[in-house]
Each structure stands twice: as structure tokens, then as C-alpha cells.
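Worksheet: the structure to be examined is printed underneath.
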Amino acid sequence: MTPALDEAREVLRRTFGHAEFRGLQAEVISEVLAGRSALAVLPTGGGKSLCYQIPSMIRPGLGLVVSPLIALMSDQVAGLVQSGVAAAKLDSNVDLNTRSETWRRIEAGELDLLYVSPEGLMQPSMLDRLQRTPLALVAIDEAHCVSQWGHDFRPEYRMLGRLAELFPDTPRLAVTATADSRTREDIRNELRLAGTKEFVASFARPELSLFAERKRGAAGKRVAELIAARRGRSGIVYAGSRDGTERIAQDLAAAGVPALAYHAGLDKNLREKRLEDFLDADEAVMVATIAFGMGVDKPDVRYVIHADPPASIEAYWQEVGRAGRDGEPAEGITLYSAADMAWAMKRIQSREVDDTVKQVQVRKVRQLYAMLDGMSCRAAGVRRYFGEEKVRPCGQCDLCLAPPESVDATEAAQKALSAVHRMGGRFGRGRLVDHLLGKTKEPSSFEAGLTTFGIGREFSPTGWRDLIDQLLFEGLLREDPNDGRPLIGLGDADGVRAVYRGERRVALRKALEGFDATTRSGRPRKRTRTGDAAPELSPHDQPLLEALSNWRRGEARRQSVPPY
Ligand code: ADP
Ligand code: MG
Ligand code: ZN
1 MTPALDEARE
11 VLRRTFGHAE
21 FRGLQAEVIS
31 EVLAGRSALA
41 VLPTGGGKSL
51 CYQIPSMIRP
61 GLGLVVSPLI
71 ALMSDQVAGL
81 VQSGVAAAKL
91 DSNVDLNTRS
101 ETWRRIEAGE
111 LDLLYVSPEG
121 LMQPSMLDRL
131 QRTPLALVAI
141 DEAHCVSQWG
151 HDFRPEYRML
161 GRLAELFPDT
171 PRLAVTATAD
181 SRTREDIRNE
191 LRLAGTKEFV
201 ASFARPELSL
211 FAERKRGAAG
221 KRVAELIAAR
231 RGRSGIVYAG
241 SRDGTERIAQ
251 DLAAAGVPAL
261 AYHAGLDKNL
271 REKRLEDFLD
281 ADEAVMVATI
291 AFGMGVDKPD
301 VRYVIHADPP
311 ASIEAYWQEV
321 GRAGRDGEPA
331 EGITLYSAAD
341 MAWAMKRIQS
351 REVDDTVKQV
361 QVRKVRQLYA
371 MLDGMSCRAA
381 GVRRYFGEEK
391 VRPCGQCDLC
401 LAPPESVDAT
411 EAAQKALSAV
421 HRMGGRFGRG
431 RLVDHLLGKT
441 KEPSSFEAGL
451 TTFGIGREFS
461 PTGWRDLIDQ
471 LLFEGLLRED
481 PNDGRPLIGL
491 GDADGVRAVY
501 RGERRVALRK
511 ALEGFDATTR
521 SGRPRKRTRT
531 GDAAPELSPH
541 DQPLLEALSN
551 WRRGEARRQS
561 VPPY
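Take a look at the structure:
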């Protein structure tokens, strides 16, 4: 151990009361102590704060910490002051007297750490004064906020790229918990960190057991069931909307579970009060939007339930990562549906960002749902997503515990895809199922005349719904939310054609009720074609393939972002 690191360890023990560095802390701290910039990606709860706090205390000059949230800054500064560290913050809440006293301390060289918001730091008056102050380092906490590809983009973070020119001789340390390789690349570009070392910890969280299930009915009811089986422990429930949090919190309260809602629409004092109640309680459930989370450090959160799915695997890992921070077993449970995926896609398309950003975001949504709806170890999937190699199955997620069996549903998929094609994408899923079953009440002559009317009588309605979900998750069908009256259309044209030709098989998870082996009348499902043999194209299928080619060409011209 180098002398500098000896000193760092001394500070770790004396000031922070920890015996040893954890994970990559020692390596990151050595790099910064040597005066070099770096990017560090360490898991939530991995101790990123110490990576910049300790060097700030050891190196001469002031350590500047850029942090996205005032609440985060306040917590950290209060903690530091309590440990006897000379730390302060400058944000919009700081009154004039405190402000001038803080500047006096900065200029007298009395402060080791100063926390600032990105927009506060980039004010000319602030920069001016800081440029005359000796700096130990500039830390950029939650650095993923600089990337539009990340899940928590903050436009103010963009300005931080200028720090490289403004403070050319000061090491800059960017830290974040969740950044896949593309986001890391983006962070390095934006913050001008080319050529610096990158420290990426393992994304393994062995204390977490992961589960996911397709939604069946109202999420609130299912969440209440899940929590009923977990009474006496604290947890976080994430919902996709403010209304959703209120609704679920009410459902839970009605079921006798002490639950609070939390979202950005609540009064600030109420929000702070609820946060405190949550942090202090032995059993508390916070039902929140993603406004709740960054920096929430409650060690004994035993479960995180997503009543609505997160935006990406990065967001998922960040949110689920808030469970089990004490290292004791904890669970992440996600409820998801094809409709959630459709909404996520629609939201991306309606954003005012570049097409390339949209493409990345669309891909991230697809990767998320591939993991959620997949058939192999979730934890391994997440770790591979972050670029880890040689990862083993975790042995404790639902898919490891009970590997799903699958049935070949290619033939049924061909029927469904043909039906959607012939119906011209004008109907929703209920109508599509009825059409396949030949059950539509008073079908129009158009519909009754279609060759696909009633071609799926051998399967149950639930079976068809599961299969349609499967095709949506695989991108073979797409669902346009259409303001609450969703319409189903064909998805990826190449994929559809491959299924149609039998070059791509569609596997359906057996555990999904209703589909497998039995028909509506209880007879075993007749398997006409098995194995890899491509189905014959009948005369009326040729137009479908042609239509697909034309559709694809038209589609490619119309929109540069693929539907999904
Ligand atoms: P994050 O990486 O999520 O920002 P923090 O810096 O907030 O994590 O640290 C999370 C917790 O881990 C804190 O309570 C902190 O005191 C603790 N911690 C950090 N480093 C160590 C260490 N080397 N040994 C023990 N506990 C540590
Ligand atoms: Mg942190
Ligand atoms: Zn697993």
C-alpha cells in the first residue's frame, strides 16, 4: 500500500469508522490522490461518496462535489459535519448570511468539501470565485445524469463538460451506480474524460432475489397480495404515475398495510415528512414514482416491487438496488405487461429528442422486456447487460429456481400474424382473439369473409392472449395504445416473415396458463407440423409476404426510427 493510501485508510478508520475499503474504493481513491481524473461505476450502496470525500480531505485545496438533488446534498453534508469534516453546501436554499460565511471559509482555506448543484456551479460569479480557489478535485456524483441515454437525464449536467477547460489542473472524478457501456462512453464524451481510467465494479448483488411476472388484472391488488406475504418488513413500491401511487397506497392502507404515497406533485414539506417516516419506521411501505429514490439510504428495505416496470435495465438495477443495502436478503419483484411496453415506446416516440437518442431508448426498452419476459437467469442477464463476462446463473431468481418449460407455438403464431395482417391493424386484442376463435358477434361481411376468421378454434382464449403477449414482447406484433383503445398491428417485418416461413420459431412458456397441450374442448392440441420444417406457403400466403416487403419499404421511408 502506498503512503498516500495509508493516509486514506487512516481517515477511513478515524473519521468514518470503517475498518477496510470495500470493492474498488481503494483503487479509485489512489487514482484521484495521484491527481488523475477517472470514471467509477460502483453499485448503489457501494460507497461512492468516500471515493471523493477522502481525497478531498487529504489533497490540498477544496473538494467540489456536484450533486443533482438538494436533498442529497443536505444529507451528505449533515453526515459529514457530524463526523467532524469541514463540509458545506451552496444551493438556492442557503440564506445570505450562511452564504457569505461559507465563502469566507472557502477563501480562508478552512473547508474540505463544498457541495453544489450543477446550475449553481456554472453561474459565472461562482465560477469566477472558484477559479481563484485551490481545488483538490471536482467530483460529479450521479454522473449518468449527463447522458441522454441514461435513465435520469438532467440538461443542467450537460454544462459540466466545460469543467475540463475551467479547471484544467484539477482531477475530475465522475461516479455513478448504473451505466452500461454505451452510457459510460457517453459520460466520458460529455465530461471530456477521454483517456482516463474507468473503474467498473461487478454488478452482482447476491443478496437480491429477482422475480418478474406478467400482470393479470389490476396491479394494485397483486401488490397488496405480495405485501401481505411480507408483513413486518419495509419496502418500496414503484408505480408509473402519480395517480398510480395514490391508488396503490389507498389499496394497501385498506388492506391494513402502513403505506405512504410519494411523488413530485406533493407539497415539499409533506414529501420530507413522509421520507423521514419511512426512514425511521421498522415496517413502512413507500409507494412512489421514480421521484423517490436517488440517494435514499434506508439499509433495511427488504423488497422493491415494480407495480409498473422501470424504463430500462439501468433504471431497474438502480431501483431494485435500493433493497438489501445492509447486505441481508432482499427481493425485487416486477409486474409488467405488453401494454406497459407499448406505452413506453409511445412515450419515447413523442419526445423531442434526436432520432439516434430515440433509437437507443427504444433498444433499451426492448432489452428490459427481453430480460423481464425471458427464460434465463435474470441476475446474469442484468450483469451481462452491463458488460460483465463469464457470469453464472444466480440460482435464486424465479427462472433459476423453476426453469420454465416451453412449447413450440410457431404454427399458432403464423395464424395470429396472418389474422392481424388481414384485419389491417384496425382491431384490439379482444377482437383479434374472437376473430381467431370465430366468435365475433355479428362479424361484418369483411371480417367473416377473411380466410383467418375462426382459424384458431383449437386454442383457448387465454392461450391466445398469452401468445399475443408473447408476440408483442418479441416485437413481432406491436400495440398502439391509441389513447386507451389499443390497436394491434404487425411488428418487425423481417421477424414476421421469418416466422411465417418457419425460419424463426416462437416458443411459449408453458407456465403461462391456458395455452399448452389442451384445447378448449379438452382434447390434446393437434400438432400438425413439428421440428424445424418450414410450413408450406399456401396460395393466399404469397400476398402476405409481398405486402410485408412493401410495408417494410414504406415504413423505412416514413420513419427513420423503427417502430420496435
Ligand atoms: P453510494 O455508492 O450508493 O453512493 P454511499 O457512498 O452512500 O453509497 O455509501 C453507502 C453506505 O456504505 C454508507 O452508509 C457508507 O457509510 C457505507 N460505506 C462506505 N464505504 C464503506 C466501507 N469501506 N466499509 C463499510 N461501510 C462503508
Ligand atoms: Mg451516492
Ligand atoms: Zn437466476
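Under UniProt numbering, the residue at position 403 of the sequence shown is numbered 403, and the numbers go up by one with no gaps. Even glycine gets a Cβ: it sits at the ideal position worked out from N, Cα and C.
Problem - Residue burial classification, V304 (beta-carbon count within 10 angstroms, cutoff 16) - result: In the sequence shown, the residue the question calls residue 304 occupies position 304. Buried: at least 16 other Cβ atoms inside 10 Å.
Exercise for the section: Return the CA-CA distance between R504 and E319, expressed in angstroms with no decimal places. Expected result: Position 504 of the sequence shown holds residue 504. Position 319 of the sequence shown holds residue 319. Distance between the alpha carbons of R504 and E319: 35 Å.
Exercise for the section: Please report how far the alpha carbon of D186 lies from the alpha carbon of C145, in whole angstroms. Expected result: As a first step, residue 186 must be located in the sequence shown, where it is residue number 186. As a first step, residue 145 must be located in the sequence shown, where it is residue number 145. If you take the alpha carbons of D186 and C145, they lie about 11 Å apart.
Practice task
May I ask you to check if the CB of P404 is nearer than 7 Å to at least one heavy atom of the ligand ZN?
Solution key: Here residue 404 refers to the residue found at position 404 of the sequence shown. No - the ligand ZN has no heavy atom lying nearer than 7 Å to the Cβ of P404.
Problem - Beta-carbon gap between L166 and V66 smaller than 8 Å - result: Taking the first residue of the sequence shown as position 1, residue 166 is located at position 166. Taking the first residue of the sequence shown as position 1, residue 66 is located at position 66. Taking 8 Å as the Cβ cut-off, L166 and V66 do not qualify as a contacting pair.
Practice task
Flag K48 as yes when its Cβ comes closer than 7 Å to any non-hydrogen atom of the ligand FMN, and as no otherwise.
Solution key: As presented, the structure is devoid of the ligand FMN, carrying the ligand ADP, the ligand MG and the ligand ZN as its sole ligands.
Practice task
Quick one: grab the DSSP three-state call for D408.
Solution key: The residue you call residue 408 lines up with position 408 of the sequence shown. Of the three classes helix, strand and coil, the one that applies to D408 here is strand, per DSSP.
Practice task
Using three-state DSSP, classify R306 as helix, strand or coil.
Solution key: As a working mapping, residue 306 is identified with position 306 in the sequence shown. Before going further, note that residue 306 is His rather than Arg in the sequence given. DSSP places H306 in strand when its eight states are reduced to three.
Practice task
May I have the straight-line CA-CA distance separating Y336 from A311, to the nearest angstrom?
Solution key: Taking the first residue of the sequence shown as position 1, residue 336 is located at position 336. Taking the first residue of the sequence shown as position 1, residue 311 is located at position 311. Y336 and A311: Cα-Cα distance of roughly 11 Å.
Problem - Sheet register partners of residue 565 (DSSP bridge) - result: Because the chain in this structure spans residues 1 to 564, residue 565 falls outside the shown range and cannot be described.
Handout entry: Proximity of V41 and A224 at Cβ, strictly below 8 Å
Key = Numbered from 1 along the sequence shown, position 41 holds the residue referred to as residue 41. Numbered from 1 along the sequence shown, position 224 holds the residue referred to as residue 224. Taking a C-beta distance under 8 Å as the contact criterion, V41 and A224 do not qualify as a contact pair.
Exercise for the section: Identify the continuous beta strand (DSSP E) that holds S350 and give its terminal residues. Expected result: Along the sequence shown, one-based indexing puts residue 350 at 350. Per DSSP, S350 belongs to no beta strand (DSSP E); it is in the alpha helix (DSSP H), 338-350.
Handout entry: Distance between T440 and Y157 (C-alpha atoms, nearest Å)
Key = Sequence index remark: in the sequence shown, residue 157 carries index 157 (1-based). Sequence index remark: in the sequence shown, residue 440 carries index 440 (1-based). Between Y157 and T440, the C-alpha separation is close to 54 Å.
Exercise for the section: Compute the Euclidean distance between the alpha carbons of E207 and R274, then round it to the nearest angstrom. Expected result: In the sequence shown, residue 207 corresponds to position 207, counting from 1. In the sequence shown, residue 274 corresponds to position 274, counting from 1. Their Cα atoms are separated by approximately 27 Å.
Handout entry: Simplified DSSP assignment, three categories, for S49
Key = Position 49 of the sequence shown, counting from 1, holds the residue named residue 49. If DSSP states are grouped into helix, strand and coil, S49 belongs with the helices.
Practice task
Check whether the Cβ of T178 sits closer than 7 Å to any heavy atom of the ligand ADP, and report yes or no.
Solution key: Taking the first residue of the sequence shown as position 1, residue 178 is located at position 178. Flag unset: Cβ of T178 not near the ligand ADP.
Practice task
Per DSSP, which residues does T334 bridge with? Please list them.
Solution key: Here residue 334 refers to the residue found at position 334 when the sequence shown is read from its first residue. According to DSSP, T334 shares a beta bridge with A212, H306.
Handout entry: 4 or more residues per run - each alpha helix (DSSP H) lying fully within the region 410-468
Key = Taking only runs of at least 4 residues, the alpha helix (DSSP H) segments lying wholly in the region 410-468 are 410-423, 429-437, 445-448.
Problem - D141 CB to nearest heavy atom of the ligand MG below 7 Å - result: The count along the sequence shown starts at 1 and reaches residue 141 at position 141. Yes; taking the cut-off as 7 Å, the Cβ of D141 has a heavy atom of the ligand MG nearer than that.
Handout entry: Separation of D6 from G35, as counted between CA atoms
Key = Sequence index remark: in the sequence shown, residue 35 carries index 35 (1-based). Sequence index remark: in the sequence shown, residue 6 carries index 6 (1-based). If I take the Cα positions, the gap works out to 16 Å.
Problem - Whether P55 touches L80 by CB criterion (8 Å) - result: Position 55 of the sequence shown, counting from 1, holds the residue named residue 55. Position 80 of the sequence shown, counting from 1, holds the residue named residue 80. The answer is no: Cβ separation not under 8 Å.
Practice task
Tell me, please, which residues DSSP counts as bridged to E198.
Solution key: As a position in the sequence shown, residue 198 is number 198, starting the count at 1. Answer by DSSP bridge pairing, in chain order: L39.
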